[in-house]
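This report concerns only the one structure given below.
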Amino acid sequence: RLCQGVNGLEKFVLREIRGSSAEVYLYGGQVTSWKNDLGEELLFLSNKATFSPPKAVRGGISVCFPQVGTHGALEQHGFARNRMWSIDPAPPPFPPNSTNRTYVDLILNLSEEDPKIWPHSCECRLRVTLGPGGDLLLTSRIRNTNADGKTFSFTLAYHTYFRVTDISEVRVEGLETLDYTDNLLEKERFTEQGDAITFESEVDRVYLGTPTKIAIIDHERKRTFVLRKDGLPDAVVWNPWDKKAKAMADFGDDEYKHMLCVEAAAVEKQITLKAGEEWKGRLELSAVPSSYCSGQ
Ligand code: TA6
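The opening position of the sequence shown corresponds to residue 7 in full-length UniProt numbering, with each subsequent residue numbered one higher.
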């Protein structure tokens, strides 16, 4: 149900019968909270997040569309996270025999300014679903509705901020042996050598050709986040560490210790849609108890 959020911005609250919940702001179509059935918050949201358009809200899960990063003409991470979305008046049908679920269907409203920076028309939809076990599912549909028949290309990422207890006790499994480009070294390409990714300093990488499943293990909390994705071949891994944390006005100096971004993304290769074509992508998150050994 729709209710008032921070600064009068409207948010949709999803509540599942066993107690898990999620909150999605119409501003940015952004998930800002995902709690398990014990009421524990699983996503990071900065205490200094501003909730004042046109700045993006620091944390949760935002959709970076139609561009990830700054390689194109648009502002950093595109404009979808800086726009108002609305409840989708014509949502796509659910797959047959879907289980009972709690969900909201949103659609992005393009401003009249947008064609100046991105001369295309598209339908950008987001369905946020809370599963019976408290898992969170984001499904995006992007349709090229160009009347002039022109194709368009885009990159997309679910900019996901996981809440962790202590970043120095976190490891990411599933990206070992893969190539990545390092945003800290002019996007130079490397191969991951470690048997898991651990964190002792700033990390800002795009792992390429990643598997469907990635695990983020919070050792302190004995919790593993399992990230499953479809249609999104890459994964961005980011922690700003202390220096960058201090440089961000909407991010607490010490907050880097309690967050990690692992983002299902399509970055290396743009997705191209012909007029009328639709792309679909999915992100499914679950949080399970775990011990700190691999293969959990
Ligand atoms: O998540 C990777 C990244 O592109 C980093 O380079 C960093 O810029 C981060 O996104 C945050 O970007 P934002 O525009 O939300 O401050």
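Here a beta-carbon is modelled for each residue, glycine too, at the ideal position from N, C-alpha and C.
Bear in mind the structure is a predicted one, so any value in this text is a computation, not a measurement.
Short of 8 Å from the beta carbon of residue 264, and not among the five residues preceding or following it, lie these beta carbons of its own chain, in chain order: 50, 169, 170, 171, 172, 173. In this structure, the C-beta of residue 83 approaches the ligand TA6 to less than 8 Å from one of its heavy atoms. Under the three-pair Cβ rule at 8 Å, the stretch 31–49 counts as touching the stretch 131–149. Judged by DSSP secondary structure, residue 121 falls within the alpha helix (DSSP H) whose first and last residues are 120–123.
With a cut-off of 8 Å on Cβ pairs, the stretch 187–205 is not in contact with the stretch 228–237, counting fewer than three such pairs. Distance between residue 109 and residue 208, taken at the CA atoms: about 35 Å.
Here residue 148 is buried. Its C-beta has 16 or more other C-beta atoms within 10 Å.
Bounds of any beta strand (DSSP E) do not take in residue 249; it lies within the alpha helix (DSSP H) bounded by 247–253. Three or more pairs of CB atoms, one per stretch, sit closer than 8 Å, so the stretch 266–277 contacts the stretch 159–169.
Close CB contacts of residue 252 within its chain, under the 7 Å cut and outside five residues either way in sequence, are with 259 (chain order). For residue 295, the enclosing beta strand (DSSP E) covers residues 284–295.
Boundaries of the beta strand (DSSP E) harbouring residue 212: 209–213, taken from the DSSP string. Spatial neighbours of residue 267 in its own chain (CB-CB distance under 8 Å, excluding positions within 5 residues in sequence) are listed in chain order as 165, 166, 167, 168, 242, 243, 244, 245. Considering only 240, 239, 237, 31, the residue with the shortest C-alpha distance to residue 89 is 31. Here residue 165 carries a strand assignment [DSSP, helix/strand/coil]. Ranked by how close their Cα comes to the Cα of residue 53, the residues 262, 282, 285, 287 have 262 in first place.
Sequence-distant Cβ neighbours of residue 222 in its own chain, meaning closer than 6 Å and more than five residues away, are 168, 178, 231, 268. DSSP places residue 266 inside the beta strand (DSSP E), whose first and last residues are 265–279.
Contact annotation, residue 210 with residue 196: C-beta distance approximately 13 Å; criterion of less than 8 Å not satisfied. In the DSSP assignment, residue 150 forms a beta bridge with 128. A straight line joining the alpha-carbon of residue 155 with that of residue 281 spans about 5 Å. In the structure shown, the three-state DSSP call for residue 58 is coil. Not one heavy atom of the ligand TA6 is found less than 8 Å from the C-beta of residue 247. The beta carbon of residue 292 sits closer than 6 Å to those of 141, 232, all from its chain and outside the five residues before and after it, given in chain order.
At least one heavy atom of the ligand TA6 sits closer than 8 Å to the Cβ of residue 244.
One Cα belongs to residue 271, the other to residue 135, and the distance between them is close to 19 Å.
The Cβ atoms of residue 25 and residue 69 do not sit closer than 9 Å to each other. In this structure, the beta-carbon distance from residue 112 to residue 94 falls below 9 Å. Between residue 121 and the set 72, 145, 97, the nearest pair of CA atoms involves 72.
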